[in-house]
Amino acid sequence: MINKDLVIIGGGPAGLCAAKMAAEAGQSCLLIDRNRTLGGQLIKQTHMFFGSEKQFAKTRGIDIANKLVEDVRKHPDLIEIWDDATVVGLYQDKVITVLKNELYIKVQSKAVIISTGASEKVLAFENNDLPGIYGAGAVQTLMNVYGVKPGSRIVMVGSGNIGLIVSYQLMQAGVRVLSIIEASPKIGGYKVHASKIRRLGIDIVTSCTIKKAIGTEAVEKIVTVKLDEKWNEVPGSEKEYEVDAVCIAVGLTPLTNLQSMIGSEMKYISELGGLVPVIYPNHETSIENIFSCGDASGIEEASSAIVEGYITGLLASKKLGNVHPRYDELMDEYNTQLNNLRNGPFGDKILNGLKKQGA
Amino acid sequence: MRLRIKEHPILNFEEEKKVIHFTFNNLPVTGYEGDTIASALHALGIKKLSESSHWKRPRGFYCAIGNCSSCSMIVDGEPNVRTCITLLKEGMDVRVQTNKGEIHDK
């Protein structure tokens with residue numbers, strides 16, 4: 000058994016920022032990530048971020064990842080990093096079990112920050128399991144990390160920011176996006192992204208969903224259908240597209256396996272993407288010294304995950320007896336930043352969800 | 000390899016990478032260093048990676064980050080390998096998985 004005071008599970012934006020703040024407070028920690036590269040999903044975000052300069056607006060996601068990792072690597076004496084290591088268990092006595100290099104390792108911790116991020120939602124339609132039907136994040140990974148196109152003719156399902164941004168990235172990679180379809184009557188993402196897409200000649204069809212996919216070994220065609228104001232299919236409005244890939248961008252859901260496993264109180268909150276842990280004012284779950292932040296406690300944007308990570312890092316180290324020299328000032332500043340971020344176009348939904356989530 | 004991105008306005012994929020030889024269902028094929036098994040197969044146009052255990056429906060990857068297990072294949076005799084996050088290595092024996100996988104001694 001290895002003893003560690005603070006263990007941070009997940010090295011995406013939230014976990015990296017929590018580790019940085021802990022180190023600045025003089026708190027040692029172990030940061031565990033299952034990937035070979037730290038940075039979470041930022042490593043495939045080739046677009047420039049929006050929002051405030053404080054959360055790296057106008058910087059590409061890939062560059063933000065590098066910056067955050069650099070911040071963490073500045074503290075080799077306080078932050079120990081295990082990459083390519085998967086946490087497979089979290090128990091009530093705060094023992095964490097980790098699979099690393101095919102070894103099963105037990106770590107006894109005093110406090111844990113869960114920042115495991117999210118996974119992509121799927122959509123129910125006929126033959127949705129055919130190869131070639133991929134999540135939007137998968138398409139980004141394939142293109143932007145490995146340099147492989149998902150196909151040559153693609154339809155995007157979902158017009159939230161991810162659907163719009165990934166459509167643009169597909170065009171940059173030389174893939175033909177035939178259409179973006181959106182079930183609701185309104186485009187989900189920012190207008191500026193939608194306009195950029197439309198200027199490239201990609202049609203965004205609202206009140207339209209995917210009815211079925213057709214193919215033997217992989218998707219060859221899809222059929223879309225229009226929806227009326229009650230979300231019922233409009234008979235005779237079916238349209239066929241010949242495609243070799245379909246991209247599903249219908250949102251994310253928090254990865255809360257560890258919160259569930261340790262038995263923290265959970266709630267289903269649709270505004271936050273599904274099942275989430277109940278969060279107490281100091282960012283703990285219902286179990287003392289088990290903290291949760293970033294998408295793992297509710298889907299927002301990477302910018303919010305960054306700030307939540309800073310806040311949770313400050314709180315967790317304080318709880319363990321290491322108070323950041325600028326604790327009060329930083330808490331004020333990060334809480335203000337978080338409030339500003341949540342005053343954005345999607346803020347109402349998030350704030351509604353957070354109201355239900357608070358203990 | 001028509002699916003490999005050559006030109007990109009932001010990212011650089013022009014650099015010559017080391018070729019990795021492996022087999023797919025006994026067929027000798029190649030990928031590049033840095034590929035996962037799934038990205039190398041996808042670049043070859045191979046999308047079907049496994050069959051569903053009951054109805055034997057074709058399955059490819061879905062999430063590409065190791066969450067969904069839709070990309071499980073038999074690699075060097077070991078079943079249920081998540082090929083979307085497993086790096087390709089020289090001489091790997093990669094096979095489509097058509098059942099739940101059997102426990103075996105290494």
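Chains as they are written, first to last, in numbering that gives the first Met the number 0: chain A, 0 to 358; chain B, 0 to 105. Each residue gets a CB set at the ideal place from its N, CA and C atoms; glycine is no exception.
Can a CB atom of chain A be found closer than 8 Å to the CB of residue 20 of chain B? no
Looking at chain B, which residues of the segment 215-232 of chain A have a Cβ within less than 8 Å of any of its Cβ atoms? 215, 216 and 217
Between the segment 13-36 of chain A and chain B, which residues of the former have a C-beta closer than 9 Å to a C-beta of the latter? 33, 34 and 35
Please state the DSSP three-state secondary structure of residue 19 of chain B. strand
Neighbourhood of residue 203 of chain A by C-beta, 7 Å cutoff - its chain only, sequence neighbours within 5 removed: 158, 179, 181, 186, 193, 196 and 197
With 16 as the cutoff for other CB atoms within 10 Å, does residue 90 of chain A come out buried or exposed? exposed
For residue 191 of chain A, the first and last residue of its enclosing alpha helix (DSSP H): 190-198
Name the one or two DSSP bridge partners that residue 106 of chain A has. A:1 and A:95
Would residue 241 of chain A and residue 219 of chain A be called neighbours here (beta carbons separated by less than 8 Å)? yes
Between residue 29 of chain A and residue 10 of chain A, is the Cβ-Cβ spacing less than 8 Å? no
Look at residue 19 of chain B and residue 35 of chain B and say whether their C-beta atoms are less than 8 Å apart. no
Grouping DSSP H, G and I as helix and E and B as strand, with all else coil, what is residue 31 of chain A? strand
Could you tell me which uninterrupted alpha helix (DSSP H) segments, each at least 4 residues in length, are contained entirely in the segment 15-83 of chain A, listed from first to last along the chain? 60-72
So residue 81 of chain B contacts chain A; which residues on that side make the cut at Cβ distance below 9 Å? Those do not exist, as residue 81 of chain B stays about 10 Å from chain A at its closest Cβ, beyond 9 Å.
Just to confirm my understanding: we take residue 167 of chain A, look at its own chain, exclude 5 residues before and 5 after, and list those with CB closer than 8 Å. What are they? 46, 192, 195, 196 and 199
Delimiting residues of the beta strand (DSSP E) encompassing residue 92 of chain B: 92-95
Extent of the continuous beta strand (DSSP E) to which residue 387 of chain A belongs: Given a span of 0 to 358 for chain A in the structure shown, any question on residue 387 of chain A remains unanswerable.
Taking only beta-carbon atoms, is residue 56 of chain B less than 8 Å away from chain A? yes
Confirm, please, whether the CB-CB distance from residue 114 of chain A to residue 336 of chain A is below 8 Å. no
Sorted by chain position, which residues of the same chain lie with C-beta nearer than 7 Å to residue 65 of chain B's C-beta, five sequence neighbours on each side aside? 81, 83 and 84
Any C-beta of chain A sitting closer than 8 Å to the C-beta of residue 4 of chain B? yes
Can you pull the DSSP bridge partners for residue 277 of chain A? DSSP output for residue 277 of chain A lists no bridge partner at all.
Looking at chain B, which residues of the segment 129-148 of chain A have a Cβ within less than 9 Å of any of its Cβ atoms? 129, 130, 131, 132, 133, 134, 136, 137, 138, 139, 140, 141, 142, 143, 144, 145, 146, 147 and 148
Are at least three pairs of beta-carbons, each pair with one atom in the segment 48-56 of chain B and one in the segment 91-101 of chain B, less than 8 Å apart? yes
In this structure, what does DSSP give as the bridge partners for residue 290 of chain A? A:112 and A:283
Members of the segment 25-39 of chain B that neighbour chain A once the beta carbon cut-off is set at 9 Å: 31, 33, 34, 35, 37, 38 and 39
Is there a Cβ from chain E that is less than 8 Å from the Cβ of residue 47 of chain B? Going by chain labels, chain E is absent from the structure shown, which instead holds the protein chains A and B.
Return the chain-ordered ranges of every alpha helix (DSSP H) run that is complete within the segment 28-66 of chain B and spans a minimum of 4 residues. 36-42
Span separating the alpha-carbon of residue 162 of chain A from that of residue 55 of chain A: 22 Å
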